[in-house]
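Protein chains in written order, with the working numbering: chain E, -8 to 478; chain S, 72 to 240. C-beta: ideal position from N, C-alpha, C; glycine also. Quick caveat, the model's predicted, so the values are computed rather than measured. Worksheet: one structure, shown below.
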Amino acid sequence: MSVPMNVRAARAIMWTYLATGLTIFLLMLLLGIAMRAEQAGWITLAPGSFYSMLSLHGIGMIVAMAIAGLGTLWYFVNREIQLDARIAYTAYGFFVAGVVCVIVAVFPGHYGALWTMLYPLPFIGTYWPSWATGVWLIGNALAIAGFVILCAQMLAALLARYGGFRGVLAIDYVFQHRRFSEEGKEPPPPQMFAAAITAIDGLISSALGMLYGIAMIVHWIDPSVPLNPLWAKNLIYQFGHTFANLTIYIAVAGVYVGLAHCTKRKYHTSVPLVVAWWGTLLFVILAYFHHLYMDFVQNEALQYIGEIASYLAAIPVVVVTIFSGVMLVHRSGLRWGLGALFLYAGMIGWVVGGIAAVLDATIPINFDLHNTLWVPGHFHTYLLEGVLLFILGWMFVQLEQRSGTLSSLLTRWLVGIGIFGGGALFVLGFYIAGAAGVPRRYAIEPAPGPQMASIATIGAIIVLAGFLAMVFEALRMARLPATEANA
Amino acid sequence: MPGLLVLKIFLGVAIVAIAAMVAMALYGASSPVPQEVVFSKGYAVRRYWLVAVLVGAAAVFAISVPHFPYPSAATTGRHYTIIARQYFFALPAVIPVNTPVVFDVTSADVNHGFGIYNPRGRLIGQVQAMPDYVNHLPFDFHVPGRYTVRCLEYCGIGHAAMQGSFFVR
Chain E
-8 MSVPMNVRAA RAIMWTYLAT GLTIFLLMLL LGIAMRAEQA GWITLAPGSF YSMLSLHGIG
52 MIVAMAIAGL GTLWYFVNRE IQLDARIAYT AYGFFVAGVV CVIVAVFPGH YGALWTMLYP
112 LPFIGTYWPS WATGVWLIGN ALAIAGFVIL CAQMLAALLA RYGGFRGVLA IDYVFQHRRF
172 SEEGKEPPPP QMFAAAITAI DGLISSALGM LYGIAMIVHW IDPSVPLNPL WAKNLIYQFG
232 HTFANLTIYI AVAGVYVGLA HCTKRKYHTS VPLVVAWWGT LLFVILAYFH HLYMDFVQNE
292 ALQYIGEIAS YLAAIPVVVV TIFSGVMLVH RSGLRWGLGA LFLYAGMIGW VVGGIAAVLD
352 ATIPINFDLH NTLWVPGHFH TYLLEGVLLF ILGWMFVQLE QRSGTLSSLL TRWLVGIGIF
412 GGGALFVLGF YIAGAAGVPR RYAIEPAPGP QMASIATIGA IIVLAGFLAM VFEALRMARL
472 PATEANA
Chain S
72 MPGLLVLKIF LGVAIVAIAA MVAMALYGAS SPVPQEVVFS KGYAVRRYWL VAVLVGAAAV
132 FAISVPHFPY PSAATTGRHY TIIARQYFFA LPAVIPVNTP VVFDVTSADV NHGFGIYNPR
192 GRLIGQVQAM PDYVNHLPFD FHVPGRYTVR CLEYCGIGHA AMQGSFFVR
């Protein structure tokens, strides 16, 4: 049986995005290990080198997860609605160009104002040349352009396929449920909500991110054009937080499709699921206000909105998705291949990172944790033990399906201990140090930072070993002959 | 809320969540049942679970509001101007103990953070120091001693070394 041309082209795009994203992830992991080792006192880095590496690591990890996840999401949308592969490759080109610019800004440019580039930092008291700031800003703009292209393509296709926003957001399915069902209509499958919400919120936030980027580029060209620091802070955190947050909503589509495949069950769209996604649609673009809790000049009403939005962006969709995911697995008789293991462990990581995030989003708690190592604790849990695992899970579901085999028990233990066990040790170092008040983004940390950094470095090295074992296993499975049904 | 208490709450809730999810995956794994059997019970539970979690979140929000650190119209106290700049703070030498004070915090260059650590080295509060703006941070110190101030917003190559101190007497 031959595979249709469209399916082969879509798979090629998915694997291109996956391979690129995971390669960037590996490089950023190495940078991360070096920085934690420096904070532990194992190696010595000049502060300038540390902050340049931190700048690259921060943006690189988010972009890596976004690229890998978007390739998968694009593939899922393409299974429902045929998409033009050329547009996906065009977006890919923008992403790659953006990544190249960012790397040039850091090596050899030594840019070191982090992904936040809080105005006026990239222009005052810098230890890097002005051109590096410009190349960094242009690189960011190119990557955002790639994201916008994919979001626009997916959203246009979804609107055409499901009959506008009313159909995409399943409004009739919720408010006229009986009539909808009696007419034999079907709401979009769950993964389409992930695509729609990513596309809508992605476009809104990208517009704001672009506005900030252009304003910064104007200031870079003509320093006499001033920006308002509070306005700038709102814009960069709105875009940055939303983009980072969307990576999990992008990747969770792999749970809807992959876990259903592993358990041979169906992940249904339900009214609570749709309403939960509406909550994410509305609140994920408002949750960023929690980044400005400690800016007391910010309108106080926005601080209240920040706490409420932080809860409502995450809690409903996490509760509904994960509860349904657990039901899907419970007494299903699934065989625990690496695909299912990653997807299920990813849900656990999402919950754990979410608990830490919700605590930090509570203003009186944030008063003592804001910009401590607690913050990287929660988002490393979320990215490393959530987003990454969803992506790897879907990748292994594909490999297992293609080859008709599962990895050996030994391999599953090795990879599992490496990525889950090492990951847990790694993030624990952040949480304990953060709870003790150790600031984040310090090249040299006060106690107990160095002690916790030692534990975290060991954890990160174990993660690296597990990740490499996973890569070898993926390559081994990719070389196996395909079963007849998947040739 | 002290960071170590938050850590204990986090670890407690996280361990329960992990244990519950692992138990649900393993329980009855060797005796599979049709999806409808699991979902008919699960959907009924899920509705209440979702409502319970949202009610819990609403309760946490309601409890947290009175503890917001923002100054109100009723906030009074002796004002102290704090100016942050790359890479030091202009700080008062002494702050009176058991006396309401308000820190008027700003920056002369880029964004900084004004993080106050008590004599035991615990972070007890903070506010951002932003150029062109003044953030007012009300505080009441009950324990005398030497307090350290650290920058809690990345501000450049000297960020980790940016600190100062004052005495509470």
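Among the options, which has the Cα closest to the Cα of residue i?
i	options	result
residue 188 of chain E	E:254, E:238, E:211 and E:168	E:238
residue 302 of chain E	E:-3, E:13, E:351 and E:289	E:351
residue 203 of chain S	S:217, S:218 and S:181	S:181
residue 342 of chain E	S:82, S:109 and S:118	S:82
residue 414 of chain E	E:376, E:110 and E:224	E:376
residue 387 of chain E	E:347, E:464 and E:400	E:464
residue 201 of chain E	E:321, E:132 and E:299	E:132
residue 161 of chain E	E:185, E:408 and E:242	E:185
residue 378 of chain E	E:409, E:292 and E:345	E:345
residue 128 of chain E	E:26, E:149 and E:102	E:102
residue 159 of chain E	E:362, E:149, E:267 and E:447	E:149
residue 221 of chain S	S:231, S:157 and S:212	S:231
Over the uninterrupted alpha helix (DSSP H) stretch that includes residue i, give me the two end residues.
i	result
residue 208 of chain S	Run containing residue 208 of chain S: none in the alpha helix (DSSP H); it sits in the beta strand (DSSP E), 206 to 211.
residue 40 of chain E	38 to 71
If the cut is a Cβ gap below 9 Å, which residues of chain S does residue i touch?
i	result
residue 118 of chain E	227 and 228
residue 67 of chain E	Here the premise fails: no neighbours, minimum Cβ distance about 21 Å.
Does the beta carbon of residue i come closer than 8 Å to any beta carbon on chain S?
i	result
residue 460 of chain E	no
residue 235 of chain E	no
residue 432 of chain E	yes
residue -8 of chain E	Its pLDDT being 47, under 50, residue -8 of chain E is placed unreliably by the model, and the measurement read from it follows with that caveat. So no, residue -8 of chain E is outside the interface.
residue 103 of chain E	yes
residue 258 of chain E	no
residue 371 of chain E	no
Is the shortest distance between the beta-carbon of residue i and the beta-carbons of chain E less than 8 Å?
i	result
residue 184 of chain S	yes
residue 162 of chain S	no
residue 135 of chain S	yes
residue 80 of chain S	yes
residue 132 of chain S	yes
residue 236 of chain S	no
residue 239 of chain S	no
State the start and end residues of the unbroken beta strand (DSSP E) segment that holds residue i.
i	result
residue 175 of chain S	171 to 178
residue 104 of chain E	From DSSP, residue 104 of chain E is part of no beta strand (DSSP E); its letter is neither H nor E.
residue 199 of chain S	194 to 200
residue 161 of chain S	159 to 161
residue 99 of chain S	Looking at the DSSP string, residue 99 of chain S is not in any beta strand (DSSP E), and its letter there is neither H nor E.
What does residue i reach in chain E if we use C-beta pairs closer than 8 Å?
i	result
residue 103 of chain S	322, 323 and 324
residue 243 of chain S	Nothing can be reported for residue 243 of chain S: it is not among the residues displayed for chain S, which extend from 72 to 240.
Using a C-beta to C-beta distance shorter than 7 Å, which residues of chain S count as neighbours of residue i?
i	result
residue 362 of chain E	184, 223 and 224
residue 291 of chain E	141
residue 353 of chain E	131 and 135
residue 229 of chain E	Here the premise fails: no neighbours, minimum Cβ distance about 16 Å.
So with CB distances below 8 Å, who are the chain S contacts of residue i?
i	result
residue 220 of chain E	182, 201, 202, 203 and 204
residue 176 of chain E	Here the premise fails: no neighbours, minimum Cβ distance about 20 Å.
residue 75 of chain E	The premise fails here: residue 75 of chain E is roughly 36 Å from chain S at the closest Cβ pair, so nothing lies under 8 Å.
Could you list which residues in chain E have their beta carbon closer than 9 Å to that of residue i, in chain order?
i	result
residue 195 of chain S	358, 359 and 428
residue 74 of chain S	356, 359, 360, 363, 365, 425, 426, 427 and 428
residue 117 of chain S	261, 263, 310, 311, 314, 315 and 318
residue 113 of chain S	314, 315, 317, 318 and 321
residue 99 of chain S	321 and 322
residue 89 of chain S	339, 342 and 343
residue 144 of chain S	By Cβ distance, chain E contributes nothing, its closest Cβ being about 11 Å from residue 144 of chain S, past 9 Å.
residue 218 of chain S	The premise fails here: residue 218 of chain S is roughly 13 Å from chain E at the closest Cβ pair, so nothing lies under 9 Å.
What residues in its chain sit with their C-beta under 8 Å from that of residue i, if we drop five residues either side in the sequence?
i	result
residue 151 of chain E	72
residue 433 of chain E	30 and 440
residue 90 of chain E	15, 51, 54, 130 and 134
Excluding the 5 residues preceding and the 5 following residue i in the sequence, name in chain order all residues of the same chain whose CB lies nearer than 7 Å to its CB.
i	result
residue 140 of chain S	196
residue 171 of chain E	163 and 164
residue 282 of chain E	228 and 232
residue 397 of chain E	326, 328 and 391
residue 449 of chain E	416
residue 215 of chain S	168, 239 and 240
For residue i, which residues in chain E fall below 7 Å Cβ to Cβ?
i	result
residue 110 of chain S	318
residue 47 of chain S	This structure cannot settle anything about residue 47 of chain S, because the visible part of chain S is limited to 72 through 240.
residue 213 of chain S	Simply none; closest approach about 16 Å.
Tell me which residues share the same chain as residue i and place their Cβ nearer than 6 Å to its Cβ, disregarding the 5 neighbours each side in the sequence.
i	result
residue 444 of chain E	27, 30 and 31
residue 188 of chain S	194 and 219
residue 247 of chain E	181, 182 and 258
For chain C, find out if any of its Cβ atoms is closer than 8 Å to the Cβ of residue i; answer yes or no.
i	result
residue 84 of chain S	Given the protein chain composition of this structure (E and S), no chain C is represented.
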